[in-house]
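Undergrad:
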């Protein structure tokens, strides 16, 4: 069964590594054979990989798009995922899901699961930020010492 892709004006899609941008009106494409396809909203640029989960997603995305370097990118992904799960063990169920999809050669599904890893990371970071804010707000306010509040002495001119 062919896949119908609706590309709105200005939208991009990657098909087997080729970036296709709609320069006109809304366009519909049928893809009749097996192809690596990512819609623009699913694509993460290397510049936007500011977190460990995003870097892992990017490596997996490259493995999906660039079949000729699949093994290289999957090895990089595995290292990045291992590092992430070591630092954040609560993400292990998501990591296991991603690895199952990769083992079954379902890289698109693995990418969808990797999006959950990015969401998980975001929640962890938000939670940590809330805790830091709570701790900071619970600390007593320090009053400046008398040395800090005393006016600065003006040097006496030498004669």
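In the numbering used here, the protein residues as written are -2 to 156. Glycine residues also receive a C-beta, built at the ideal position from the N, C-alpha and C atoms.
Could you check how far apart the C-beta atoms of residue 7 and residue 19 are, in whole angstroms? I think they sit under 8 Å.
TA: 6 Å
Undergrad: Hey, how far is the Cα of residue 0 from the Cα of residue 109?
TA: 17 Å
Undergrad: Starting from residue 18, trace the beta strand (DSSP E) both ways and give me its first and last residue.
TA: 15 to 18
Undergrad: When you compare each of 115, 68, 87, 4 to residue 100 by their alpha carbons, which one comes out closest?
TA: 68
Undergrad: Could you check if residue 91 is buried or exposed, using at least 16 other CB atoms within 10 Å of its CB as the buried criterion?
TA: buried
Undergrad: Compute the Euclidean distance between the alpha carbons of residue 139 and residue 17, then round it to the nearest angstrom.
TA: 58 Å
Undergrad: Are the segment 81 to 98 and the segment 26 to 33 touching by the rule of at least three beta carbon pairs closer than 8 Å?
TA: no
Undergrad: Can you tell me the Cβ-Cβ gap for residue 88 and residue 122, rounded? I've got them flagged as a contact below 8 Å.
TA: At roughly 12 Å, the Cβ-Cβ gap does not stay under 8 Å, so residue 88 and residue 122 are not in contact.
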